[in-house]
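Going down the list, the protein sequences come from chains A and B. Take 1 as the starting number for the first sequence in the numbering used here and just add one per residue. Take 67 as the starting number for the second sequence in the numbering used here and just add one per residue. Data block below; observations after.
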Amino acid sequence: MIIRMNGEELEVEQGATLLQIIKKKRFLTDRIVVEHNNEIISAERFADIVVADSDKIEILSFVGGG
Amino acid sequence: MEDILEIGGKRLTSRFFVGTGKFAFKPLIRQVLEASGAQVVTVALRRVDPESEDENVLDHIPGGCVLMPNTSGARNAQEAVRIARLARVLGCGNWIKIEVISDNKYLLPDNDETIKATEILAKEGFVVLPYMSPDLMSARRLVDAGAAAVMPLGSPIGSNRGIKTKELVAILIDEIEIPVILDAGIGKPSEAAEAMEMGCSAVLVNTAIAISSDPVKTSMAFSLAVQAGRLAYLNDHPVRANLAEASSPLTGFLRDE
């Protein structure tokens, strides 16, 4: 199925959790913040959220800025 | 008696805030912060790039620093609020620099949207430091909205043009009871000293340090300038005169009569 991650289409397996998607992309869970369908998801819940077709996720982290 | 700047429950001994954007090498950030003694550091929040091998900016910020995420990218209050809420989840404190900009040419902040975002976020317990155009009425509204300080610009972000807004910032310093922190456009240490000497509570510098040939030495120069300006402000200002007044005695001259 296709979801949107950070504005781009991403193909994921049926039943994939947020944690599985994050791990597959090799993101560090303590350095990212995640929004799933416009809801902020705390790290403890990454394994609980199963994504569905057309879901929208945003994964952000701090970068240099003024 | 120690000269402490108290904001949002933090007692700061350094009035020099540093931005972490535009550094060519991230390890320079830690060196700059350690050399300058800066305690408050800004960062931005962006979508992660899975292709990037970059280390995280947090890895280069000493643990004792106060992190101040900005809401850069926000074009209105709603976007700023969204970014702030996301930033707070990363667990680096509740300070937020509100930056709402929809002008891509001068990057001037939208004071109206900034006021709206300040009100919402202050109610949610954020320590809000709004970046603003130095307008007194907007500053008063920011105070009423719960801002912990106001951050008027000196000149456009990244322009290094100095304190072009000096007269308006001076009005804020006279009329606003919360700290006034000059942010944006400071290009030289002498300008940082000038800001402090006129009564700013702190200054924030990013570009002038990050793009200099030696960011560490430049940050030290800025830090010393901030201290010098602050010391000058805390002491009497001499009266300015149109005519000269001799500094040495006017009697006992060695002269052939």
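Glycine is no exception: its CB is placed at the ideal position from the N, C-alpha and C atoms.
Reduced DSSP category for residue i - H, G, I as helix; E, B as strand; rest coil
{"i": "Val147/B", "result": "helix"}
{"i": "Phe46/A", "result": "coil"}
{"i": "Lys76/B", "result": "strand"}
{"i": "Ala312/B", "result": "coil"}
{"i": "Pro255/B", "result": "helix"}
{"i": "His303/B", "result": "coil"}
{"i": "Val114/B", "result": "coil"}
{"i": "Asn57/B", "result": "Past the boundaries of the shown model lies residue 57/B; chain B is included only from 67 to 323, so the question cannot be answered."}
{"i": "Gly224/B", "result": "coil"}
{"i": "Asp30/A", "result": "helix"}
{"i": "Pro245/B", "result": "coil"}
{"i": "Arg335/B", "result": "Residue 335/B lies beyond the residue range present for chain B, which begins at 67 and ends at 323; the question has no answer from this structure."}
{"i": "Thr284/B", "result": "helix"}
{"i": "Leu133/B", "result": "strand"}
{"i": "Arg296/B", "result": "helix"}
{"i": "Met5/A", "result": "strand"}
{"i": "Glu39/A", "result": "strand"}
Within chain B, the residues that residue i reaches when beta carbons sit closer than 9 Å
{"i": "Ile49/A", "result": "None at all; the shortest Cβ gap to chain B is about 15 Å."}
{"i": "Glu44/A", "result": "Correct list: empty, because the minimum Cβ distance to chain B is about 11 Å."}
{"i": "Asn37/A", "result": "The contacting residues do not exist; Asn37/A stays about 13 Å from chain B at best."}
{"i": "Glu58/A", "result": "Arg113 and Leu152"}
{"i": "Lys25/A", "result": "Val114 and Pro116"}
Nearest candidate by alpha-carbon position, reference residue i, set the options
{"i": "Glu257/B", "options": "Arg151/B, Glu185/B, Gln293/B and Asp280/B", "result": "Gln293/B"}
{"i": "Lys189/B", "options": "Thr284/B, Lys254/B and Val209/B", "result": "Val209/B"}
{"i": "Val84/B", "options": "Pro128/B, Ala205/B, Ala213/B and Ile239/B", "result": "Pro128/B"}
{"i": "Leu99/B", "options": "Phe288/B, Glu68/B and Val235/B", "result": "Phe288/B"}
{"i": "Ala214/B", "options": "Asn301/B, Leu187/B and Lys254/B", "result": "Leu187/B"}
{"i": "Val107/B", "options": "Ile95/B, Ala153/B, Ala307/B and Pro116/B", "result": "Ile95/B"}
{"i": "Gln20/A", "options": "Ala43/A, Ala47/A and Val34/A", "result": "Ala47/A"}
{"i": "Glu165/B", "options": "Glu179/B, Val155/B and Met286/B", "result": "Glu179/B"}
{"i": "Ala68/A", "options": "Arg31/A, Val51/A and Met5/A", "result": "Within the shown structure, residues of chain A are numbered from 1 to 66, placing residue 68/A beyond reach of any answer."}
{"i": "Glu9/A", "options": "Ile49/A, Asp55/A, Asn37/A and Phe62/A", "result": "Asp55/A"}
{"i": "Thr137/B", "options": "Gly103/B, Asn177/B and Ala153/B", "result": "Ala153/B"}
{"i": "Asp280/B", "options": "Met67/B, Leu111/B, Arg77/B and Ser102/B", "result": "Ser102/B"}
{"i": "Leu60/A", "options": "Arg151/B, Ile252/B, Gly130/B and Trp161/B", "result": "Arg151/B"}
{"i": "Tyr172/B", "options": "Ser225/B, Asp125/B, Leu156/B and Leu78/B", "result": "Ser225/B"}
{"i": "Leu124/B", "options": "Pro116/B, Pro93/B, Glu145/B and Lys76/B", "result": "Pro93/B"}
{"i": "Asp176/B", "options": "Gln144/B, Ala291/B and Val109/B", "result": "Gln144/B"}
Proximal chain A residues relative to residue i, where beta-carbon distance stays under 8 Å
{"i": "Gly130/B", "result": "Ordered by position in chain A, no residue passes the 8 Å Cβ test against Gly130/B, which lies about 17 Å from the chain."}
{"i": "Val109/B", "result": "Phe62, Val63, Gly64 and Gly65"}
{"i": "Asn136/B", "result": "Gly65 and Gly66"}
Where the alpha helix (DSSP H) containing residue i begins and where it ends
{"i": "Ser204/B", "result": "Leu202 to Ala211"}
{"i": "Lys92/B", "result": "First-last for Lys92/B: undefined, no H or E at that position."}
{"i": "Asp240/B", "result": "Lys232 to Glu241"}
{"i": "Ile22/A", "result": "Leu18 to Lys24"}
8 Å Cβ cut-off: residues of chain C touching residue i
{"i": "Val155/B", "result": "Note that chain C does not occur in the displayed structure, where the protein chains are A and B."}
Boundaries of the beta strand (DSSP E) in which residue i is found, first to last residue
{"i": "Ser61/A", "result": "Lys56 to Gly64"}
{"i": "Glu67/A", "result": "Beyond the ends of chain A as shown, which are 1 and 66, falls residue 67/A; an answer cannot be given."}
{"i": "Lys163/B", "result": "Trp161 to Ile164"}
{"i": "Leu195/B", "result": "Val193 to Met198"}
C-beta contact flag for residue i and residue j at 9 Å
{"i": "Glu263/B", "j": "Ala205/B", "result": "no"}
{"i": "Thr273/B", "j": "Gly66/A", "result": "yes"}
{"i": "Arg207/B", "j": "Ile181/B", "result": "yes"}
{"i": "Pro135/B", "j": "Leu174/B", "result": "no"}
{"i": "Ile2/A", "j": "Val34/A", "result": "no"}
{"i": "Leu219/B", "j": "Ala268/B", "result": "no"}
{"i": "Phe91/B", "j": "Val271/B", "result": "no"}
{"i": "Leu18/A", "j": "Ile41/A", "result": "yes"}
{"i": "Ala183/B", "j": "Pro200/B", "result": "no"}
{"i": "Pro245/B", "j": "Ile73/B", "result": "yes"}
{"i": "Ile149/B", "j": "Gly139/B", "result": "yes"}
{"i": "Gly87/B", "j": "Ala276/B", "result": "yes"}
{"i": "Gly212/B", "j": "Gly253/B", "result": "no"}
{"i": "Ala110/B", "j": "Phe27/A", "result": "no"}
Contacts that residue i makes with chain A (C-beta to C-beta distance below 9 Å)
{"i": "Ile186/B", "result": "None at all; the shortest Cβ gap to chain A is about 15 Å."}
{"i": "Gly87/B", "result": "Val63, Gly64, Gly65 and Gly66"}
{"i": "Thr79/B", "result": "Within chain A, no residue comes near Thr79/B; the closest Cβ sits about 22 Å away, beyond 9 Å."}
{"i": "Ile223/B", "result": "Gly66"}
Cross-chain neighbours of residue i in chain A, by beta carbon under 7 Å
{"i": "Thr284/B", "result": "What Thr284/B touches in chain A: nothing, since even the nearest Cβ is about 15 Å away."}
{"i": "Val123/B", "result": "Phe62, Val63 and Gly64"}
{"i": "Asn272/B", "result": "Gly66"}
Closer than 8 Å: residue i CB and nearest the ligand ATP heavy atom
{"i": "Glu179/B", "result": "The ligand content of the structure shown is nil, which means the ligand ATP is not present either."}
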